[in-house]
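Q:
2 protein chains.
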Amino acid sequence: MSAIARLQQTLHQDIPLTRAMQLEVGDYDGERLLLTAPLPPNINDKGTAFGGSLYSLAVLCGWSLLRLKLEEAGLKKNIVIHEATTRYLLPVNEALHAECSLPLAAWESFLHTLQQRDRARIALTVVIRQQGKPAVEFTGQYVAHD
Amino acid sequence: MSAIARLQQTLHQDIPLTRAMQLEVGDYDGERLLLTAPLPPNINDKGTAFGGSLYSLAVLCGWSLLRLKLEEAGLKKNIVIHEATTRYLLPVNEALHAECSLPLAAWESFLHTLQQRDRARIALTVVIRQQGKPAVEFTGQYVAHD
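First to last, the protein sequences are chains L and U. Counted from 1, the first sequence has number 239 at position 13 by our numbering; the numbering is strictly sequential. Counted from 1, the second sequence has number 351 at position 125 by our numbering; the numbering is strictly sequential.
Here it is as structure tokens:
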């Protein structure tokens, strides 16, 4: 089973809300990860994506990217979110696509700290677009620890 | 049907994720609203409450309180979340209880602006406690408009 298929299985098994959201793990190229979910199970009273679904997809996008990268580095750590800021710029009325990128320099610095201290913090930004335009900007402070 | 029962029906009908979360509208005293959800459907890989569930409960707690207050004032407005900051202080390993209070002075100022301009913004703070201690602190900027 590929790392992506394993990740999706883990999310669906361990976090039941991801099944209700019909979350799917999309493309991953080693630096950038895409998570998606269809609109209908994530809709709100206005017929657009529910803010809680958008947040959930975003927070899991950062968490999942970090998990994949740590797995590649042979490290098994707990990853938790400490703090997050979410800005809603546009309503989303299409399938939800969250994208998170982890620049190489930030990753290397994080990994270095983690190897020195068994605990490190990293800020990850996730964007959800509506017809190509940023609709949600999420920045999360994640901590990995033993 | 009471305003509380109507609110819960609206949430479950219009936002399907609230059914998956098994969200329930709790006490309301005109200034303070409680929303609850059991842990099992909102659990994560660590056996504690999923950050996305905690956020969803918090964002809906503020939204719902504003909706109840506007309804009491005879106003039908769209309420949207523009920006939110979430701090996770402790893991939650019991049923989720979100509490939002709307101090009278803030409400009156918001209502005054809304009646003058058909659009107003208000910051609401929601707290989720774990055994009485603040576990999640959420602050959301909400906008009501026609």
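No residue lacks a Cβ here, since even glycine has one placed at the ideal position from N, Cα and C. A quick note: this is a predicted structure, and the numbers were derived from the prediction, not measured.
1. Hey, quick one: how far does the beta strand (DSSP E) through U:Ile305 stretch, first residue to last?
2. Closer than 9 Å, CB to CB, is L:Arg313 near chain U or not?
3. Helix or strand or just coil, what does DSSP make of U:Leu296?
4. What residues in its chain sit with their C-beta under 6 Å from that of L:Asp372, if we drop five residues either side in the sequence?
5. Got a sec? Which residues, its chain only, sit under 6 Å from L:Gly358 by beta carbon, not counting five neighbours each side?
6. Can you pull the DSSP bridge partners for L:Leu261?
7. Got a sec? Which residues, its chain only, sit under 7 Å from U:Thr311 by beta carbon, not counting five neighbours each side?
8. Looking at the C-beta of U:His308, does it have a partner C-beta in chain L at a distance below 9 Å?
9. Would you kindly report the start and end of the unbroken beta strand (DSSP E) that includes U:Ala275?
10. For L:Leu330, report the span of its beta strand (DSSP E) as first-last.
11. What separation, rounded to the nearest whole angstrom, lies between the Cα atoms of U:Arg387 and L:Glu309?
12. First and last residue of the alpha helix (DSSP H) that includes U:Gln234?
13. Rounded to the nearest angstrom, how far is the Cβ of L:Ala299 from that of L:Val362, given a contact under 8 Å?
14. Are the Cβ atoms of U:Ala370 and U:Leu261 separated by less than 9 Å?
15. Skipping 5 residues on each side, what residues in its chain have a beta carbon closer than 7 Å to that of U:Tyr254?
16. Roughly how far, in whole angstroms, is the beta-carbon of L:Ser279 from the beta-carbon of U:Leu243, given that I think they are within contact range, below 8 Å?
17. Rounded to whole angstroms, what's the CA-CA distance from U:Leu337 to L:Arg355? Just pull it up for me.
18. U:Ser228 touches chain L at which residues, Cβ-Cβ below 7 Å?
19. Can you check whether the C-beta of U:Gly373 is within less than 9 Å of a C-beta belonging to chain L?
20. Please list, in chain order, all residues of the same chain as L:Ala321 whose beta carbon is under 8 Å from its beta carbon, the five residues on each side excluded.
21. Just mark U:Ser290 as buried or exposed, buried being the case when its beta carbon has 16 or more other beta carbons within 10 Å.
22. Determine the contact status of U:Ala324 and U:Leu350, defining contact as a CB-CB distance below 9 Å.
23. Give me the Cα-Cα distance between L:Glu250 and U:Ala331, rounded to the nearest whole angstrom.
24. At a Cβ threshold of 9 Å, is U:Asp240 touching chain L?
25. What residues in its chain sit with their C-beta under 8 Å from that of U:Met247, if we drop five residues either side in the sequence?
26. From the DSSP output, in three-state form, read off U:Gly366 for me.
27. Quick check on L:Lys295 - is its C-beta less than 9 Å from some C-beta in chain U?
28. To which residues of the same chain is L:Asn270 closer than 6 Å at the C-beta, ignoring the five residues directly before and after it?
A: According to the structure data:
1. Indexing the second sequence from 1 puts residue 305 of chain U at position 79. In this chain, the beta strand (DSSP E) harbouring U:Ile305 covers Asn304 to Tyr314.
2. For the purposes of this step, residue 313 of chain L is identified with residue 87 of the first sequence, where counting begins at 1. Yes, contact with chain U.
3. Sequence index remark: in the second sequence, residue 296 of chain U carries index 70 (1-based). Secondary structure of U:Leu296 (DSSP, three-state): helix.
4. Locating residue 372 of chain L in the first sequence gives position 146, counting from the first residue. Excluding sequence neighbours, L:Asp372 sits near Asp344.
5. Within the first sequence, the letter at position 132 stands for residue 358 of chain L. Cβ neighbours of L:Gly358 within its own chain (closer than 6 Å, five residues either side excluded): none.
6. Taking the first residue of the first sequence as 1, we reach residue 261 of chain L at position 35. DSSP, once it has assigned bridges, lists L:Val251 and L:Ala324 as partnering L:Leu261.
7. Mapped onto the second sequence, residue 311 of chain U falls at position 85. Annotation for U:Thr311: Thr365 place their beta carbon closer than 7 Å to its own, counting only its chain and skipping 5 residues before and after.
8. Here residue 308 of chain U refers to the residue found at position 82 when the second sequence is read from its first residue. Closer than 9 Å: yes.
9. For this step, residue 275 of chain U is matched to residue 49 along the second sequence. Neither: U:Ala275 is in no beta strand (DSSP E) and is coded neither H nor E.
10. The sequence position of residue 330 of chain L within the first sequence is 104, counting from 1. Here L:Leu330 belongs to no beta strand (DSSP E); instead the alpha helix (DSSP H) covers Leu330 to Arg343.
11. Outside the displayed span of chain U (227 to 372) sits residue 387 of chain U, for which this structure offers no information.
12. Reading the second sequence from its first residue, position 8 is the one you call residue 234 of chain U. For U:Gln234, the enclosing alpha helix (DSSP H) stretches over residues Ala229 to Asp240.
13. Locating residue 299 of chain L in the first sequence gives position 73, where the first residue counts as 1. Locating residue 362 of chain L in the first sequence gives position 136, where the first residue counts as 1. Between L:Ala299 and L:Val362 a beta carbon distance of about 29 Å is seen, past the 8 Å cut, so the two are scored as non-contacting.
14. As a first step, residue 370 of chain U must be located in the second sequence, where it is residue number 144. As a first step, residue 261 of chain U must be located in the second sequence, where it is residue number 35. No, these two residues do not count as a Cβ contact at 9 Å.
15. Translated into positions along the second sequence, residue 254 of chain U becomes position 28. Excluding sequence positions up to five before and after U:Tyr254, its CB lies within less than 7 Å of the CB of Ile230 and Leu294, all in the same chain and listed in chain order.
16. On the first sequence, position 53 is the one that residue 279 of chain L refers to. On the second sequence, position 17 is the one that residue 243 of chain U refers to. Correct: roughly 6 Å between the Cβ atoms.
17. Here residue 337 of chain U corresponds to residue number 111 of the second sequence, with the count starting at 1. Here residue 355 of chain L corresponds to residue number 129 of the first sequence, with the count starting at 1. Near 33 Å, if we compare the C-alpha coordinates of L:Arg355 and U:Leu337.
18. Position 2 of the second sequence, counting from 1, holds the residue named residue 228 of chain U. Neighbours of U:Ser228 in chain L, taken as residues whose beta carbon is under 7 Å from its own, are absent, since the nearest beta carbon is some 19 Å off.
19. It is not possible to answer for residue 373 of chain U, since the shown part of chain U is limited to 227 through 372.
20. Along the first sequence, read from residue 1 onward, the residue named residue 321 of chain L stands at position 95. Counting only Cβ-Cβ distances below 8 Å, and skipping sequence neighbours, we find Thr262, Ala263, Pro264 and Leu265.
21. What you label residue 290 of chain U is simply residue 64 of the second sequence in a count that begins at 1. So U:Ser290 counts as buried.
22. Along the second sequence, one-based indexing puts residue 324 of chain U at 98. Along the second sequence, one-based indexing puts residue 350 of chain U at 124. Contact: no.
23. In the first sequence, residue 250 of chain L corresponds to position 24, counting from 1. In the second sequence, residue 331 of chain U corresponds to position 105, counting from 1. Between L:Glu250 and U:Ala331, the C-alpha separation is close to 45 Å.
24. Residue numbering aside, residue 240 of chain U sits at position 14 when the second sequence is read from its first letter. Yes, contact with chain L.
25. For the purposes of this step, residue 247 of chain U is identified with residue 21 of the second sequence, where counting begins at 1. If we look at U:Met247 and ignore the five residues flanking it on each side, its Cβ neighbours are Ala263, Pro267, Asn268, Ser279, Ser282 and Leu283.
26. Mapped onto the second sequence, residue 366 of chain U falls at position 140. Three-state result, U:Gly366: strand.
27. If you number the first sequence from 1, residue 295 of chain L lands on position 69. With respect to chain U, the C-beta atom of L:Lys295 has no partner C-beta closer than 9 Å.
28. Sequence index remark: in the first sequence, residue 270 of chain L carries index 44 (1-based). Here the set comprises Phe276.
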